[in-house]
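Below: one structure, written as structure tokens.
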Amino acid sequence: MKNRIKELRTKLNITQDELAKSVEARRETIVFLEQGKYNPSLNLAHKVAKKLKVKIDDLFIFEE
Amino acid sequence: MLNNSNIISKIKKMTIKKYNTFRMIIVIALAIIFSQSIIYQNYFLAIGILIISSLLVFTLRKSVKEIMADERDYEQGGKAAMLAMQIYCYAGVIAMFIFKSQASLNPSYDIIATTLAFSICIFMLLYSFIYQVKSKGKFWDKWVIYTFLVLLFFLVLGILGILKI
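These protein sequence lines are chains A and B, in that order. To convert, take the position in the first sequence, counting from 1, and add 28; that gives the numbering used here. To convert, take the position in the second sequence, counting from 1, and add 1488; that gives the numbering used here.
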């Protein structure tokens, strides 16, 4: 699953570490998320979307 | 030289890096003291040092304010535990058959084979029991109780089987 986390994070000038701390995750998880190597839980996806000030639908690109 | 307030402030500012360093030091010290106390047959010291080090690691872990594990770690941990269990069971079954087939050469091989067989059974039942508890979210469920009773039955059977040999 592709996502726009890196794009939105850099736009808001937030570091991976800051994002990780605010969503109560480890930095490595953010790295894996940005690379599209990890599908987060709905809870984590919601926290990341809230921090990046977008809706979950706008953050994650679902491919069928 | 470190005084008490310095140590307390260090513990209060505990990071994951510091925690890992402290844990490593504790593990090395524990291994040295534990092995020596076993060699000198001082079992009270061995148990004492094990309890003290466990409490120390637990206290240090509690003082870490950073996030040590998140949902991805738990997911990976679950997968790793499952794989470890499968490898242990397959390897154990193969080893059990080898020991059982060689039992005529050395009677102690039979004990090893029986211990392995029961340990694998109990291990798998324990996994099933914990899985049932986790998946149902409660202990008082009929399937959880059935699994627990089967586990208990095999535990008794295993102990009796090994004692009989």
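Glycine is no exception: its CB is placed at the ideal position from the N, C-alpha and C atoms. Fair warning: this is a prediction, and the values are worked out from it, not measured in the lab.
Does any residue of chain B bring its CB to less than 8 Å from the CB of PHE88(A)? By the rule that beta-carbons nearer than 8 Å mark a contact, PHE88(A) does not touch chain B.
Terminal residues of the continuous alpha helix (DSSP H) containing SER69(A)? From DSSP, SER69(A) is part of no alpha helix (DSSP H); its letter is neither H nor E.
Beta-bridge partners of PHE88(A), as assigned by DSSP: Partner(s): ASN31(A).
Among the residues of its own chain, which have a CB less than 7 Å from the CB of ARG1549(B), if the five just before and after it don't count? Excluding residues within five positions, the ones whose Cβ falls inside 7 Å are TYR1507.
Give the DSSP-derived three-state secondary structure of TYR1528(B) in the structure shown. TYR1528(B) falls in the coil class under three-state DSSP.
Among the candidates LYS1553(B), ILE1520(B) and SER1551(B), whose CA atom is the shortest distance from the CA of ILE1537(B)? Selected option, being the one with the closest Cα: ILE1520(B).
With a threshold of 8 Å, are at least 3 pairs of Cβ atoms found where one atom belongs to the segment 1509-1517 of chain B and the other to the segment 68-75 of chain A? Because the criterion of three Cβ pairs below 8 Å is not met, the segment 1509-1517 of chain B and the segment 68-75 of chain A do not touch.
What number of angstroms, rounded off, separates the C-alpha of GLY1566(B) from the C-alpha of ALA1601(B)? Straight-line measurement puts the Cα of ALA1601(B) at about 28 Å from the Cα of GLY1566(B).
I'd like the list of long-range same chain contacts for ARG37(A), defined as Cβ closer than 7 Å, with 5 residues on each side in sequence excluded. Once the five neighbours on either side are set aside, the close Cβ partners of ARG37(A) are LEU47 and LEU80.
Please confirm whether ARG1511(B) has its beta-carbon closer than 8 Å to some beta-carbon of chain A. No, no contact with chain A.
Would you mind working out which of VAL1632(B), CYS1609(B) and SER1616(B) sits nearest ILE1647(B), comparing C-alpha positions? Ranking the options by Cα distance to ILE1647(B), first place goes to CYS1609(B).
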